[in-house]
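Counting in the numbering used here, the sequence shown runs from 610 upward without gaps.
Below is one structure, written out as structure tokens; the observations come after it.
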Amino acid sequence: MGRAFEYRKAAKLKRWGNMSRVFPRLGRSITMAAKEGGTDPESNAKLRTAILNAKAENMPKDNIEAAIKRADSKDLANMSEVTYEGKGPHGSLFFVECATDNPTRTVAKVKNNFKKAGGEMLNNGSLDFMFSRKSVFEFKKTEDMDLEELELELIDAGLEEIEEEDGIVLVHGDYKDFGNLSHAFEALHIELSKATLERIANNPVKFTPEQLEEIEKIVERVEDDDDVQAVYTNIG
């Protein structure tokens, strides 16, 4: 996991420390998942995962239920998921995921935020070969857990990589195997603390602390937009 894992974790805690910013993003993830695949978590793996991630951030049950109910709202008829790409100083790259009912408004705001923070937007598709979409799972290692044995159990479900650091296990797989891996964890009775689809840089870059400060300003500025769900970078 190393430096990149720790940086992403620290950066998330820094930016998302305010619950007034965390819960709306988690709520939109739940609502979009319910809108796309139905409001029953048992038959909608994406919704089940969104709820899991919300619980991991201590989102209240009432908020979760309200987010599911919003999926039937007429106001969400035009809500869609869109992505944008950008670059910044020192070879930094950014992949931005949004949920919006007005892409024209959202692209204008994202473009403006990139510009104000010293970056610029790229044409969609520019970074197709720079990032890979991956299934990412995280859980605590128990005393009786054999990671080599677990790896063998998960290979058929689509596991590509498994790492452990300080008692935290991180599993990566292709995004198409998200459902298979989710079911495998359920069958093994492993309680996940995170289960997401993320954009992972194929060639992560190591930046100096000074460079990271500049890059982080762009991430913070772009993430400050209410339509933005996630920002991924090539920080290594």
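Just so it is clear, CB atoms sit at the ideal spot from N, CA and C, and this is done for glycine as well.
These numbers were taken from a predicted model, which means no experiment stands behind them.
What does DSSP give as the partner residues of Glu-666 in its beta bridges? DSSP output for Glu-666 lists no bridge partner at all.
Ser-744 - DSSP class collapsed to helix/strand/coil: strand
Proximity to Glu-822 [Cα-Cα], best of Val-631, Phe-738 and Gly-697: With distances taken between CA atoms, Glu-822 lies nearest to Gly-697 out of Val-631, Phe-738 and Gly-697.
Give the straight-line distance between the Cα atoms of Glu-615 and Val-719, rounded to the nearest whole angstrom. Note that Glu-615 scores a pLDDT of 47, beneath 50, so its modelled location is shaky and nothing firm can be said.
So Asn-722 packs on Val-831, CB below 8 Å; how close in whole Å? Sure, about 5 Å apart at Cβ, within 8 Å.
Can you grab the Cα-Cα spacing for the pair Lys-683 / Pro-633, in whole Å? 18 Å
Does the stretch 776-784 come close enough to the stretch 810-820 to have 3 or more Cβ pairs within less than 8 Å? no
Can you tell me the Cα-Cα spacing of Met-739 and Pro-650, whole angstroms? 33 Å
Please return the same chain residues whose Cβ sits closer than 7 Å to the Cβ of Leu-635, not counting the five positions on each side in sequence. Here the set comprises Asn-662, Ala-663, Glu-666 and Met-668.
Simplified DSSP state of Asp-783, which is helix, strand or coil: Correct three-state label for Asp-783: strand.
How about Ala-675 and Ile-639: do their beta carbons lie closer than 7 Å? no
Just verifying my parser: in three-state terms, what is the DSSP assignment at Ala-810? Reduced to three states, the DSSP call for Ala-810 is strand.
Val-778 bridges to which residues according to DSSP? Phe-748 and Glu-773
So Val-837 and Val-705 are in contact, right, with Cβ under 8 Å, and what is the actual spacing, rounded? 6 Å
What is the residue span of the alpha helix (DSSP H) that Glu-819 lies within? 818-832
Kindly indicate the opening and closing residues of the beta strand (DSSP E) around Leu-922. Examination of residue 922 is not possible in this model, given that the chain is present from 610 through 845 alone.
Measuring only the C-alpha atoms, how far is Gly-727 from Ile-827? Distance between the alpha carbons of Gly-727 and Ile-827 is about 7 Å.
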